[in-house]
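First comes the structure, then the notes that go with it.
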Amino acid sequence: MGNDPNLSSDNCSEKVVKDHNSFNLQTNPKFIKDRLELFNALYQKQQQKLKERENLDISLVLVTDDGEVSVSGKSFLTTPYNVLYSLDKKRAKKAVVAKVLYENRPSEVFADVDEDNSDKSASEWVLWDMHRPFEDSCKVEFLDFNSEQGQHVYWHSSAHILGSALETCFGGFLTIGPALSSGFYYDVYLGNNSVKPEDVKPLLSHVEALTNLNSPFERLVCTKEEALELMKYNPFKVQLIKNKVPDGENTVCYRCGDFVDLCRGPHIPTTSMVRANSFDVTKISSSYWLSNAKSDTLQRVYGISFPEKEQLKMYKNRIEEAKQRDHRTIGTDLKLFYFDTVHSPGSCFWLPNGAKIYNRLVEFMRDNYRVRGYQEVITPNIFSCDLWKQSGHYDNYKENMYLFNLEDTEWGMKPMNCPGHCLMFKHLFLSYKQLPLRLADFGVLHRNELTGSLSGLTRVRRFQQDDAHIFCTREQIMDEVLNILTFIGKVYSLFDFRYEFKLSTKPAKALGEDELWEIAEKSLEEALNKTGTKWTMNPGDGAFYGPKIDVVLFDCLDREHQCGTIQLDFNLPIRFNLEYRDKSESSAENVRCGFNRPVIIHRAIFGSIERFVAIVLEQTKGKLPFWLSPNQLLFIPITDNHLDYALELYEKFNALGSNTNYIILIMIINGLGYNVDVDKSNNTINKKIKFGQQQRWNYMGIVGDREVETRTVSLRPRDSDEQNVISLDDLVKLFESQQLKYV
């Protein structure tokens, strides 16, 4: 539970600590010693039971880069570390965690309540502590820090080390400490106190002491009652145990040094795998218990750790670069957008220049829709909850929806477009000859994100998507998916994004006939292979209602973003009883004779337009390509004597009706929506140019005596010190070319 940031806030809306003044800071609080004594007693009992288990011969298949190697072992005795150390001592010292696939995992004494053992008994890989004995024959992989899952375990263990420091230095009540995509944090309750910058040094001193101990991470399975006794000093952990652990079930906790925490694990072998000289506290902020603003205020301490010191140095350089690229800072500097946390938290206020970017992206997508056979539709923002119950969102997504009662009826603002599109498909009554039907929708969506999770444009409550749903036959799946993948490649290449595809296949529990799943998965694989783009398989990780392709986008800092997605859906067509007239008179299951069910393909490329704008701003540092820029051309008069000419050019670039010879060209400029302005300030020419560069104008058109006389402009590109005199005709041709070619 120590690593689960998504716990339900049910029954947790009130403050856990009634009197914040009752909490006093203290070092080395007594509860650490008391907790450790109980843990040791319980752990000794567990180890004694483990010794009493029968040690049967088991077969272990080690999966390596060079192939598979078979070795023998003993159940409840042989560990992943034993096996790897006997084969490769150097690699064993670097292995963070094992990954096992059991042939027939038994119902075990040491079950983790956070694991669904029924699903993972023989069909899924599970992460496994390096010092945890195998329970039966299995396949084994060994993961180091260079793997995604290895990093997650490494940072999760680092969060425990940080938690130990927070407890020892402050006597705080730890709450939740998860691994993140890059690093980790731990939330701690300190009453009315806060963690200050000067507190970081003693925290890191404790980290150094604990990592030097080379203390093993020890796993203990305990009952709910034992967990409550272990954590009785901490009202937050007590609340988690009562709400999370069912009566009569077991849970898991880990020890490292004197520190004990509830956690499903797994963890690194020992604390020495984390080095003090490559561990740092990166940020201190406040948060709310379970992200609920009505509950207790906590201190959130972020950290990062690496196996090598040089990796920490590189990370800090990337963080500094990321700060300079932060879309929130760029949005403020360029006056693109802002947020009002009082009147509408989580909803972006798009200023004129920001709205130009937003609308240009929508226009770009609409232009592509026309040539790719999509039809844009408009659907209501509010639906009766009867619809959300039919779609399943009411039962599974209600907490994230905005619901209200009106005239004795419960209504919900839409968090997604798919149910409305299902109604539209059913209304149209189509035949197979009219498929595929590609419906696109830029409708406004609302999702009730917790206040504490809101973050700039990347996590909002009100947003729009480049959302589309394709209704097709199963025979059309491959072609449709290939078209989407090609579309995605075109869009992402415009911004120099590197991207990869991940195919997630049928899970253990799935809806729909096996034949349909096989056809769908084969179609997705075939489409992926035809793109020539790198892709990986995530077996068993699909949704219960269909396989999917996730598109992982990498920006210039090599950060991962999930924007595009392709999700096949066999569920909604059943829920809404969707059908089309088929060319065959045979009847599909639960469908009228002569009809068949369509497959729905949920598809997004930008994903949330808000989030995509944030990613693009950070990718480009606000230096947007010409076609997307709200600041395309800034006219700069050298002196006031040249202001009239600059204003004349501005008016001709922005207004119709002039009688000049190049009126047709000016109409083209205006029609394509070029964004121009004039610097009317009294600043020197150098200051005007500097301002233009700071505001990321793509071009500055400098006008002086020569330009007035020859009716030209000295054009200076954004990232160049050179200026070239250009005629207005050539300027129009240049802009037209860049606009139409999306550069």
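Reminder that position 616 of the sequence shown reads as 914 in the numbering used here, one-by-one numbering, no gaps.
Each residue gets a CB set at the ideal place from its N, CA and C atoms; glycine is no exception.
Keep in mind that this is a model prediction, so the values were computed, not measured.
Same chain, Cβ closer than 7 angstroms to residue i, five either side skipped, listed in chain order
i: Leu945; result: Val976
i: Val889; result: Glu877 and Arg895
i: Gln688; result: Arg873 and Phe874
i: Asp355; result: Ser370 and Lys372
i: Lys581; result: Tyr600
i: Cys720; result: Leu870, Phe874 and Leu876
i: Ala825; result: Met776, Val779, Leu780 and Leu783
i: Tyr667; result: Glu674 and Ala738
Coil, strand or helix - residue i by DSSP
i: Asp867; result: strand
i: Asn703; result: strand
i: Val1041; result: coil
i: Thr639; result: coil
i: Asp355; result: strand
i: Met711; result: strand
i: Asn590; result: coil
i: Val669; result: helix
i: Asn309; result: For Asn309, the pLDDT reaches just 46, beneath the cut-off of 50, and the residue's location in the model is therefore unreliable, although a value from the coordinates is still provided. Asn309: coil per DSSP, three-state reduction.
i: Ser979; result: coil
i: Asp1028; result: helix
i: Phe740; result: coil
i: Leu545; result: The amino acid occupying residue 545 in the given sequence is Asp; Leu does not appear at that position. Here Asp545 sits in coil by DSSP.
i: Tyr878; result: strand
i: Leu755; result: coil
Spatial neighbours of residue i in its chain, beta-carbon cut-off 6 angstroms, leaving aside the 5 residues before and after
i: Asp556; result: Ile330 and Leu334
i: Thr803; result: Glu819, Pro837, Gly840 and Pro845
i: Lys607; result: Asn575 and Ser576
i: Ile817; result: Arg772
i: Lys418; result: Residue placement at Lys418 is poorly supported in this model, since its pLDDT is 42, which falls under 50; the coordinates are not used for a value here.
i: Tyr843; result: Leu809, Asp867, Phe868 and Asn869
i: Ser368; result: Val359
Straight-line gap, residue i to residue j (C-alpha atoms, nearest Å)
i: Leu472; j: Glu1034; result: 59 angstroms
i: Arg745; j: Ile775; result: 30 angstroms
i: Leu931; j: Val974; result: 5 angstroms
i: Trp709; j: Val519; result: 45 angstroms
i: Asp1017; j: Gln991; result: 8 angstroms
i: His767; j: Arg759; result: 22 angstroms
i: Leu941; j: Tyr948; result: 10 angstroms
i: Pro871; j: Gln1037; result: 41 angstroms
i: Val640; j: Lys328; result: 42 angstroms
i: Thr829; j: Leu822; result: 11 angstroms
i: Pro935; j: Ile983; result: 8 angstroms
i: Thr521; j: Lys343; result: 13 angstroms
i: Tyr379; j: Ala390; result: 6 angstroms
i: Val1030; j: Gly750; result: 48 angstroms
i: Ala620; j: Lys611; result: 14 angstroms
i: Gly469; j: Thr325; result: 6 angstroms
i: Leu855; j: Glu916; result: 9 angstroms
i: Leu801; j: Ser462; result: 39 angstroms
i: Glu811; j: Glu887; result: 10 angstroms
i: Lys397; j: Pro476; result: 20 angstroms
Residue i versus the options, residue with shortest Cα-Cα distance
i: Ile1000; options: Pro1015, Gln993 and Gln992; result: Pro1015
i: Met722; options: Gln1036, Thr376 and Phe874; result: Phe874
i: Asp665; options: Phe785, Glu887 and Val493; result: Phe785
i: Val558; options: Ala525, Ser589, Ser593 and Gln344; result: Ala525
i: Asn402; options: Gly629, Met529, Asp434 and Phe989; result: Asp434
i: Leu399; options: Lys437, Cys683 and Glu916; result: Lys437
i: Val897; options: Phe321, Leu814, Lys499 and Cys554; result: Leu814
i: Val315; options: Asn532, Leu783 and Cys467; result: Asn532
i: Ala653; options: Val669, Lys696 and Val911; result: Val911
i: Tyr586; options: Val579, Gln597 and Asp578; result: Gln597
i: Cys716; options: Phe681, Val498, Ser584 and Ser729; result: Phe681
Residues near residue i in its chain [Cβ-Cβ closer than 8 angstroms; skip 5 each side]
i: Thr1008; result: Val1023
i: Asp798; result: Sequence check: residue 798 is Glu here, not Asp. Result list for Glu798: Thr831, Lys832, Trp833, Thr834, Val849, Val850 and Phe852, in chain order.
i: Ile987; result: Ile934, Met998, Ile1000 and Arg1014
i: Ala902; result: Gln763, Asp764, Asp765, Ala766, Cys861, Gly862 and Thr863
| task | Report yes or no: do the region 436-445 and the region 476-484 share at least 3 C-beta pairs separated by less than 8 angstroms? | result | Contact between the region 436-445 and the region 476-484 is absent, because fewer than three Cβ pairs lie under 8 angstroms.
| Are three or more beta carbon pairs between the region 629-641 and the region 872-883 nearer than 8 angstroms? | No, the region 629-641 does not touch the region 872-883.
| said: With a threshold of 8 angstroms, are at least 3 pairs of Cβ atoms found where one atom belongs to the region 453-471 and the other to the region 593-602? | reply: Cβ pair count under 8 angstroms is three or more, so yes.
| said: Check whether the region 419-435 and the region 483-492 are in contact - that is, three or more C-beta pairs closer than 8 angstroms. | reply: Segment contact: the region 419-435 against the region 483-492, fewer than three CB-CB distances shorter than 8 angstroms; contact not assigned.
| Does the count of Cβ pairs from the region 348-363 and the region 529-536 closer than 8 angstroms reach three? | The region 348-363 vs the region 529-536: no contact.
| said: Closer than 8 angstroms is the cut-off here; do at least three beta carbon pairs connect the region 502-516 with the region 568-587? | reply: In this structure the region 502-516 touches the region 568-587; the number of beta carbon pairs closer than 8 angstroms is three or more.
| Looking at C-beta atoms only, is the number of pairs between the region 895-908 and the region 647-664 that lie closer than 8 angstroms three or more? | Yes, the region 895-908 is in contact with the region 647-664.
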